[in-house]
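Okay, so here's the structure we're looking at.
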């Protein structure tokens, strides 16, 4: 076995194990920590694919900002809301069966796919770098959706402030 396969296996176990930990833990804070572990595993896989920029975005945006936002949201929720969610635990069996079905679908599809990995990543050196390629695509082809997303996020920020502000 090569070192790359061993490192990939470790990172895949981190990512999948973190996702499994999110699902099975009952403590929401621990679920957030499992989510960070899953994001770290995913970022490591991006590094192995020579997509360092995407890996750093994964760590900064998801493992950092999104996880902090989720933890803050959990601690600001009312306890009655959390207690009322416990009555839906009977649906976990159906969710597990559904997830298992999707996993089996992915396995069947992956077994039927024939991917030529010999030529992967060859066009990356032509583009210059990941950052340049992402910037070119984002600001040439997807400028309008990028701007619309920014406006929607700004409106969501104003809405969150309006909903949470006390009488000033």
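Numbering (my numbering), first residue to last: 1 to 168.
Heads up, the beta-carbon is just placed ideally off N, CA and C, and yes, glycines get one too.
Three CB pairs or more closer than 8 Å across the region 7-16 and the region 33-44 = yes
Taking Cβ to Cβ, would you say residue 53 is nearer than 8 Å to residue 131?
-> If you number the chain shown from 1, residue 53 lands on position 53. If you number the chain shown from 1, residue 131 lands on position 131. In this structure, residue 131 lies closer than 8 Å to residue 53 by Cβ.
With distances taken from CA atoms, which of 99, 139, 31 and 93 is nearest residue 70?
-> The count along the chain shown starts at 1 and reaches residue 70 at position 70. Of the candidates 99, 139, 31 and 93, the one whose C-alpha sits nearest the C-alpha of residue 70 is 31.
For residue 65, name the three-state secondary structure that DSSP assigns.
-> Taking the first residue of the chain shown as 1, we reach residue 65 at position 65. Looking at residue 65 - three-state DSSP - the assignment turns out to be helix.
In chain order, what residues of the same chain have a beta carbon less than 7 Å from the beta carbon of residue 35, not counting five sequence neighbours either side?
-> Reading the chain shown from its first residue, position 35 is the one you call residue 35. Here the set comprises 18, 22 and 67.
Please state if the CB of residue 7 and the CB of residue 74 are separated by a distance shorter than 8 Å.
-> As a first step, residue 74 must be located in the chain shown, where it is residue number 74. As a first step, residue 7 must be located in the chain shown, where it is residue number 7. Cβ distance not < 8 Å, so residue 74 and residue 7 don't count as in contact.
Between the Cα of residue 5 and the Cα atoms of 29, 65 and 44, which residue gives the shortest distance?
-> For the purposes of this step, residue 5 is taken as the residue at position 5 of the chain shown. The residue with the shortest Cα to Cα distance from residue 5 is 44.
Kindly indicate which three-state DSSP category residue 164 falls into: helix, strand or coil?
-> The residue you call residue 164 lines up with position 164 of the chain shown. In the structure shown, residue 164 falls within a helical segment according to DSSP collapsed to helix, strand and coil.
Are there 16 or more other CB atoms within 10 angstroms of the CB of residue 65, so buried, or fewer, so exposed?
-> Translated into positions along the chain shown, residue 65 becomes position 65. Answer is exposed; the Cβ neighbour count stays below 16.
Three-state class that DSSP yields for residue 74 in the structure shown | Against the chain shown, residue 74 aligns to sequence position 74. In the structure shown, residue 74 sits in a helix (DSSP, three-state: H, G or I).
What are the boundary residues of the alpha helix (DSSP H) that includes residue 56?
-> Locating residue 56 in the chain shown gives position 56, where the first residue counts as 1. Per DSSP, the continuous alpha helix (DSSP H) segment holding residue 56 begins and ends at 52-57.
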